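Heads up, the thing below is written out as structure tokens.
Chains as they are written, first to last, in the working numbering: chain A, 131 to 376; chain B, 882 to 1276.
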């Protein structure tokens, strides 16, 4: 599904990713852990197409396409989704309108018919029920006045509605209390399927108690320095990242 | 002043002829006197120029420009007055106030011919407002629109619809709202090169929601001077949308004349191509315990220009006044210009006042957020602009 080979990338004028390689197959869940400033969020932003992050070398193939040559909206339409670390507030635009606009833009790109408002309403009401979230989320302006936890839940809800093929969760667990963490994790677990993959960027092992990863990678100084199974996350929790300096 | 008459208003001979002609058409004597007085005053003033604060950011040559030179091919969708079933529609055209049919008993309209001279609102226009003094001199259409209190809020829809679109049309609407009246007034432009004075003379306990919806094609021009005389326990909400046009120049003067009232205004100014828009709000807190809340959201694109100015003057003794001025502006292209100026002049001791002004581009992170959900960049910008405007929607 996703093959990142020896990628170099700058955030602004600073070199952040320095020869990162990673392969994600359909249905796999990869956790990316690492110290502050290692390049975890830059990786997520690079894959989603943030203009501030510019590739300098290497390649990213996604379902046979050169991902880095596509606009952010094209990447979304072919199934790439980034759950933001800091979701953006958009006053005056309600969640329902925003999501329907996004979904129909993606469907149009893929040559599918637009979903009318009645169909859409039925679908989102079912989704919000399945994901155990409150339906007042739909009527409120996008992320405006949301608590930190509500913003993260809204990201997971958007993911549920847009049904991406590759979901990148950038520190979705940060700022969540334990109940909110469970709701977010349940939302992700419901979406797990044989043809949907996840890259979960996190600082802490606790999210991985609820979302079991197939692989855990340690990202340090712009590249992956160690990979393993879920036990690696437990080791990191015990040992921290001090060993990287040895 | 010679420049103003010869270059902008009219050739002196033509002006004299026109005034003479209007005498023959039985303009009341009192109005002739007002005009003579305006003529004497205007002759002492200079033509509008960039030396004046309120015209500094506008190409004043556009005032005299032949509108044909813009060669606009845009047309407005005609506003269908008969479809406004819940409103009394007043169309203002070459024939004056038309389209009303039979006036409801709560509404009285008196044109200049049957209006009492005592009802004529006297202004003391200065150089900055010389274009409105020109209205005093050349006013052709208008009168006194008196509205009584009713059991339900009432709706009035004013439409400017002139067939002849090259020459300036001078209009004065004086609204007089009775004690306790609740009125929604929508003022909308359809066709015509308009110079209008609106006077809102409000009694105590009035609730006025006013919407000023001026959307012009690239050759059209609209100048307005809007005065709100606000006594006690009055609520005024004034929503302005100024979109496009070769030239738009709007001045709002708000006078708090007693206590316990609130004025809230929102302005959305949108310019593109080569539009010039000026939006000035002057609030005079002459008495204590009044509140004014002025919000502007302006968006400029291409080579267009916008000037925003919100000024509040709080007089000595006008304690417990509350003032907020919030002016935010977005530039969508490198050649567009916005000049934004919030001003507070406070002479009272106990006042709560806040003002702010920002100018910038659309937030890149928010744009990326929308794009990352599949929305293309043009639609993402539209959504961002819609979101930006929301805070100025006051009614």
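Positions of the beta carbon are idealized from the N, C-alpha and C atoms, including for glycine.
Predicted, not measured: the structure shown is a model, and the values here were computed from it.
Under 7 Å Cβ-Cβ, which residues of chain B neighbour residue 250 of chain A? Correct list: empty, because the minimum Cβ distance to chain B is about 14 Å.
Hey, quick one: how far does the alpha helix (DSSP H) through residue 227 of chain A stretch, first residue to last? 225 to 239
Residue 974 of chain B, DSSP secondary structure in three states: strand
For residue 867 of chain B, the first and last residue of its enclosing beta strand (DSSP E): Residue 867 of chain B is absent from the model: chain B starts at 882 and stops at 1276.
Amino acids of chain A, ordered along the chain, whose beta-carbon sits closer than 7 Å to that of residue 1257 of chain B: 203 and 235
Can the beta-carbon of residue 1271 of chain B be found less than 8 Å from the beta-carbon of residue 142 of chain A? no
For residue 144 of chain A, count the other beta carbons within 10 Å of its own beta carbon; 16 or more makes it buried, fewer makes it exposed. Which is it? exposed
Contact set between residue 1247 of chain B and chain A, taken where Cβ atoms lie within less than 9 Å: 218, 219 and 220
Suppose the cutoff is 6 Å on Cβ atoms and the five residues either side in sequence are ignored; what does the same chain contact list for residue 1115 of chain B look like? 1083, 1087 and 1142
Taking a cut of 7 Å between CB atoms, which residues from the stretch 315 to 332 of chain A lie near chain B? none
Based on the DSSP output, what are the partners of residue 1237 of chain B in its beta bridges? B/1207
Residue 954 of chain B, buried or exposed, once every other Cβ within 10 Å from all chains shown has been counted against 16: Because the pLDDT at residue 954 of chain B is just 49, under 50, the model does not fix this residue reliably, and the point stays unresolved.
Find the nearest neighbour of residue 189 of chain A within the set A/183, A/198 and A/181, judged by alpha-carbon distance. A/198
By the criterion of Cβ-Cβ separation under 7 Å, what are the contact partners of residue 1041 of chain B in chain A? None at all; the shortest Cβ gap to chain A is about 29 Å.
For residue 911 of chain B, report the span of its alpha helix (DSSP H) as first-last. 910 to 923
C-alpha distance - residue 365 of chain A paired with residue 227 of chain A, whole-angstrom precision: 44 Å
For residue 321 of chain A, three-class secondary structure by DSSP: helix
Residue 1113 of chain B versus chain A: which residues are under 9 Å apart at the beta carbon? Within 9 Å Cβ-Cβ: nothing; residue 1113 of chain B doesn't reach chain A, min ~34 Å.
Residue-level contact to chain D via CB, residue 200 of chain A, 8 Å cutoff: As a matter of chain content, chain D is missing from the structure shown, whose protein chains are A and B.
Going by DSSP, which residues form a beta bridge with residue 1086 of chain B? Note: residue 1086 of chain B sits in no beta bridge, so no partner.
Based on Cα-Cα distance, which residue from B/1217, B/1221 and B/1180 lies nearest to residue 1267 of chain B? B/1180
Residue 1263 of chain B versus residue 997 of chain B: straight-line alpha-carbon distance, rounded: 50 Å
Are residue 287 of chain A and residue 311 of chain A touching if we call contact CB-CB under 8 Å? no
What are the start and end residues of the alpha helix (DSSP H) that includes residue 937 of chain B? Run containing residue 937 of chain B: none; DSSP gives neither H nor E here.
Close Cβ partners of residue 404 of chain A (< 7 Å) along its chain, the five nearest in sequence each way excluded: Nothing can be reported for residue 404 of chain A: it is not among the residues displayed for chain A, which extend from 131 to 376.
Below 8 Å on C-beta distance, what does residue 1264 of chain B contact in chain A? 220, 223, 228 and 231
Under 9 Å Cβ-Cβ, which residues of chain B neighbour residue 288 of chain A? 1254
Whole angstroms is fine: what's the gap from residue 178 of chain A's alpha carbon to residue 191 of chain A's? 13 Å
Report yes or no: do three or more beta-carbon pairs, one from the stretch 1246 to 1257 of chain B and one from the stretch 1214 to 1227 of chain B, lie closer than 8 Å? no
Beta-ladder partner(s) of residue 1002 of chain B, from DSSP: Residue 1002 of chain B is not bridged to any residue.
Reduced DSSP category for residue 1191 of chain B - H, G, I as helix; E, B as strand; rest coil: strand
To the nearest angstrom, how far is it from the Cα of residue 233 of chain A to the Cα of residue 1202 of chain B? 48 Å
Under the rule that 16 or more other beta-carbon atoms within 10 Å means buried, what is residue 280 of chain A, buried or exposed? buried
Can you tell me whether DSSP reads residue 270 of chain A as helix, strand or coil? coil
Measuring only between beta-carbons, confirm whether residue 1069 of chain B sits less than 8 Å from chain A. no
Secondary structure at residue 202 of chain A, three-state DSSP: helix, strand or coil? helix
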